[in-house]
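Taking it in order: structure first as structure tokens, then the write-up.
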Amino acid sequence: MNTRIPFQHKMAAHCETGTVTAQLNNGGLDITEAMVFGISSGIFFGYFTGKRFPFPHFIVRNQPGKIRENTAKRLGVKWQSARFKNEDQGMKALDELLLQNKVVSTQVDFFYMDYIPDYLRVHINVHFMNIVGKEDGKYLISDSYFPKIVELPESSLRKGRFAGGNFSPNGFIFYPLSIPTAPDLSVAIRKGIRKACFNMLKLPVPFIGIKGMRKFAGHITEWPKYAMDSEHLSHELSKINILLEDQGTGGAGFRFMYATFLRQASEILKEPGLLEMSTQMMEIGDGWREISLKAARMGKNRDMGPEKLKELSEMIYGRADVEEKFFKTLATMSK
Amino acid sequence: MKEKDLKAEANKQTFVMYAEKEDGSYGAIETGSYLIENDLDDFWGKMEHLERQMREKLLKAEISPVQYYMVIEGLTPAELAKRAALPPSKVRKHLTMKGFESARIRELSKYSRVFNIPVANLFQIVISSAGKNIKYHFYNKEDNRKETLTVTQNECQNPFIIITKAEEIKA
Numbered sequence: 231m232n233t234r235i236p237f238q239h240k241m242a243a244h245c246e247t248g249t250v251t252a253q254l255n256n257g258g259l260d261i262t263e264a265m266v267f268g269i270s271s272g273i274f275f276g277y278f279t280g281k282r283f284p285f286p287h288f289i290v291r292n293q294p295g296k297i298r299e300n301t302a303k304r305l306g307v308k309w310q311s312a313r314f315k316n317e318d319q320g321m322k323a324l325d326e327l328l329l330q331n332k333v334v335s336t337q338v339d340f341f342y343m344d345y346i347p348d349y350l351r352v353h354i355n356v357h358f359m360n361i362v363g364k365e366d367g368k369y370l371i372s373d374s375y376f377p378k379i380v381e382l383p384e385s386s387l388r389k390g391r392f393a394g395g396n397f398s399p400n401g402f403i404f405y406p407l408s409i410p411t412a413p414d415l416s417v418a419i420r421k422g423i424r425k426a427c428f429n430m431l432k433l434p435v436p437f438i439g440i441k442g443m444r445k446f447a448g449h450i451t452e453w454p455k456y457a458m459d460s461e462h463l464s465h466e467l468s469k470i471n472i473l474l475e476d477q478g479t480g481g482a483g484f485r486f487m488y489a490t491f492l493r494q495a496s497e498i499l500k501e502p503g504l505l506e507m508s509t510q511m512m513e514i515g516d517g518w519r520e521i522s523l524k525a526a527r528m529g530k531n532r533d534m535g536p537e538k539l540k541e542l543s544e545m546i547y548g549r550a551d552v553e554e555k556f557f558k559t560l561a562t563m564s565k
Numbered sequence: 006m007k008e009k010d011l012k013a014e015a016n017k018q019t020f021v022m023y024a025e026k027e028d029g030s031y032g033a034i035e036t037g038s039y040l041i042e043n044d045l046d047d048f049w050g051k052m053e054h055l056e057r058q059m060r061e062k063l064l065k066a067e068i069s070p071v072q073y074y075m076v077i078e079g080l081t082p083a084e085l086a087k088r089a090a091l092p093p094s095k096v097r098k099h100l101t102m103k104g105f106e107s108a109r110i111r112e113l114s115k116y117s118r119v120f121n122i123p124v125a126n127l128f129q130i131v132i133s134s135a136g137k138n139i140k141y142h143f144y145n146k147e148d149n150r151k152e153t154l155t156v157t158q159n160e161c162q163n164p165f166i167i168i169t170k171a172e173e174i175k176a
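Chains A and B, in that order, give the protein sequences. Sequential numbering of the first sequence, starting at 231, is according to this note's numbering. Sequential numbering of the second sequence, starting at 6, is according to this note's numbering.
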């Protein structure tokens with residue numbers, strides 16, 4: 231089969247918000263990636279340790295899949311989705327949808343995406359992208375992280391869609407059945423903000439939200455215990471920079487994207503208070519960026535002594551304090 | 006974050022970042038990466054260090070090829086077991102050479118799919134003229150100059166056969 235569906239490819243900061251935004255734009259809804267992120271309560275923090283992780287790990291966004299789910303709840307978008315036990319059936323279903331001229335979003339393990347440079351490819355089962363056609367046995371991929379539509383061999387897409395492990399995609403695909411052209415953004419924005427504040431302040435688990443940030447701050451001084459050697463510790467410190475900046479966050483662990491959302495929200499809701507919060511969030515992001523740059527320098531210079539780790543820890547505690555104050559204020563504004 | 010600060014970081018890998026634009030608005034900007042601009046060689050160096058460390062252990066038969074690839078690809082035994090659809094106890098066994106000796110070809114085939122390597126590469130390390138495993142060829146400029154051959158591995162219809170081809174790099 232040979233088919234190429236007309237599709238406006240655009241780069242985006244983050245894969246899931248980029249994929250969903252592109253689908254919405256393609257379906258006629260004029261909405262930005264930042265707005266999709268904010269409405270979906272994407273901003274988050276979590277710090278994890280334990281056997282499931284080769285090294286302590288933090289995240290800065292909500293659970294994968296929630297962006298799509300929350301756009302359905304808050305914007306009224308109807309998504310059709312499917313998972314497959316059988317690989318052949320999953321590939322066949324994808325081909326059939328492409329033949330019907332449907333742009334199909336899919337979840338894959340990033341590691342098998344051949345068009346991404348080696349140094350960016352890691353095993354992570356929650357990469358999202360749009361498939362916009364198939365030519366000469368190769369799929370045409372619109373990936374938010376790549377500047378143009380690229381080709382991917384069938385075998386690589388199959389491995390990516392059916393990689394097992396945590397968050398296994400099981401061939402997951404989705405596409406819009408209906409997209410409202412003029413949804414009530416003001417209601418969606420308020421709901422999105424309220425849920426984000428709840429996640430950051432009130433989720434009753436000690437490793438999520440502000441509590442998670444403080445756990446991260448307190449625990450980072452113990453990282454040398456988890457590292458195989460100084461090179462490994464250096465690598466893990468550099469990864470702080472990757473996770474906050476380069477791994478599809480739009481900078482500062484999504485804080486700059488959230489500041490952009492708040493600015494757009496203030497215009498839609500005509501609330502100058504949100505404009506002020508947007509400026510504050512940009513400053514909070516600048517603080518996170520200082521952390522990521524410091525961690526990168528520490529890793530590069532192998533300057534990872536207890537004093538330096540303590541300094542990094544204090545900086546993270548500082549972010550927890552300002553974000554706690556920020557989200558408490560934002561919560562009162564969104565009532 | 007201001008747009009002008011991002012522009013200073015622009016380089017070959019394009020990313021989208023959010024920042025305050027020159028007109029005072031906030032929005033998306035296509036730019037480069039701090040890490041790639043400043044730390045890529047160091048990043049390669051660390052990955053090479055890890056690969057060399059694990060390769061030495063593998064060559065001394067202190068670890069199995071399964072453990073070699075698992076560590077380099079940042080997987081835990083539990084995650085590898087899930088991905089390969091094998092019992093965790095079996096995966097733990099296959100991490101040692103003694104356990105690896107008793108692995109079945111079908112099981113090795115499952116590992117090779119996870120690691121994205123031919124099954125044959127669980128029994129060999131194909132190295133480039135710069136002495137690196139071609140699977141983990143973390144290029145830097147100096148090593149690029151040393152390369153005299155390119156080595157590619159192509160699949161065929163037989164899932165257990167791989168065609169390994171070495172070609173001279175023409176100046």
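Note that the Cβ used here is the ideal one computed from N, Cα and C, for glycine as well. Quick caveat: nothing in here was measured; it's all calculated off a predicted structure.
* Say whether chain A places a C-beta atom closer than 9 Å to the C-beta of Leu81/B. => Residue 81/B is actually Thr in this sequence, not Leu. At least one chain A Cβ lies under 9 Å of Thr81/B.
* Asked: Does the distance from the CB of Ile273/A to the CB of Tyr488/A come in under 9 Å?
  -> Cβ distance < 9 Å, so Ile273/A and Tyr488/A count as in contact.
* Count the other C-beta atoms from every protein chain shown that fall within 10 angstroms of the C-beta of Gln162/B, then say buried if there are 16 or more, exposed otherwise. => With fewer than 16 Cβ atoms within 10 Å of its Cβ, Gln162/B is classed as exposed.
* To do: Measure from the alpha carbon of Gln310/A to the alpha carbon of each residue in Glu537/A, Lys240/A, Phe404/A, then state which is nearest.
  => For the set Glu537/A, Lys240/A, Phe404/A, the Cα lying nearest the Cα of Gln310/A is the one of Phe404/A.
* Could you check what DSSP says for Phe404/A in three-state terms: helix, strand or coil? => Taken through DSSP and simplified to helix, strand or coil, Phe404/A comes out as strand.
* Would a C-beta distance cut-off of 9 Å place Phe358/A and Thr336/A closer than the cut-off? -> In this structure, Thr336/A lies closer than 9 Å to Phe358/A by Cβ.
* Asked: Given that Gln18/B touches chain A, what residues does it touch there, using C-beta distances under 8 Å?
  -> Those are Pro347, Leu350, listed as they occur along chain A.
* To do: Return the CA-CA distance between Pro82/B and Tyr375/A, expressed in angstroms with no decimal places.
  => Between the alpha carbons of Pro82/B and Tyr375/A lies a gap of roughly 29 Å.
* To do: Quick one: residues in its chain with C-beta nearer than 6 Å to the C-beta of Lys62/B, no 5 flanking neighbours on either side, listed in chain order?
  => Only Ile68 meet the Cβ criterion.
* To do: In the DSSP assignment, find the beta strand (DSSP E) that holds Ile289/A and state where it starts and stops.
  => Residues 287–291.
* Spell out a yes or no on whether the stretch 87–96 of chain B and the stretch 112–120 of chain B are touching, meaning 3 or more CB-CB pairs, one atom from each, closer than 8 Å. => Touching, yes, given that three or more Cβ pairs across the two stretches are closer than 8 Å.
* Asked: What did DSSP end up calling Gln494/A once you bin it into helix, strand or coil?
  -> Note: Gln494/A maps to helix in three-state DSSP.
* So, is the C-beta of Ser398/A closer than 9 Å to a C-beta in chain B? -> Judged by the 9 Å Cβ criterion, Ser398/A is in contact with chain B.
* Asked: Considering only the beta carbon of each residue, do Phe556/A and Gln494/A sit closer than 9 Å?
  -> Taking the C-beta atoms as reference points, Gln494/A is found no nearer than 9 Å to Phe556/A.
* Please report the Cβ distance between Pro286/A and Trp453/A, rounded to the nearest whole angstrom; I am assuming they are in contact, meaning their Cβ atoms lie under 8 Å. => Rounded, the Cβ-Cβ distance is 7 Å, consistent with contact.
* **Terminal residues of the beta strand (DSSP E) in which Glu172/B lies** => For Glu172/B, the enclosing beta strand (DSSP E) has its first and last residue at 167–173.
* Within its chain, find whatever has a CB closer than 6 Å to the CB of Lys378/A; leave out the 5 residues flanking it on each side and keep chain order. => Once the five neighbours on either side are set aside, Lys378/A has no close Cβ partner at all.
* Asked: Can you name, in chain order, every residue of its own chain whose Cβ lies under 8 Å from the Cβ of Thr101/B, other than the five neighbours on each side?
  -> Beyond the five residues adjoining it in sequence on each side, Thr101/B comes within less than 8 Å, by CB distance, of Ile68, Ser69, Gln72 in the same chain, given in chain order.
* Asked: For Glu160/B, which option in Ala108/B, Ile122/B, Val76/B, Lys9/B has the closest C-alpha, if you only look at C-alpha atoms?
  -> Nearest to Glu160/B by C-alpha distance, out of Ala108/B, Ile122/B, Val76/B, Lys9/B, is Ile122/B.
* **Coarse secondary structure for Arg426/A, derived from DSSP in three states** => Reading off the sequence shown, one finds Ala at residue 426/A, where the question assumed Arg. Of the three classes helix, strand and coil, the one that applies to Ala426/A here is helix, per DSSP.
* **Nearest candidate by alpha-carbon position, reference Pro236/A, set Ile371/A, Ser508/A, Leu499/A, Lys455/A** => Looking at the Cα atoms, Ile371/A is the closest of the given residues.
* Return the chain-ordered ranges of every alpha helix (DSSP H) run that is complete within the stretch 261–344 of chain A and spans a minimum of 4 residues. => Entirely contained in the stretch 261–344 of chain A, the alpha helix (DSSP H) runs reaching 4 residues are, in chain order, 263–269, 296–305, 317–329.
* Taking three-plus beta-carbon pairs below 8 Å as touching, is the stretch 495–502 of chain A in contact with the stretch 537–548 of chain A? -> No, the stretch 495–502 of chain A does not touch the stretch 537–548 of chain A.
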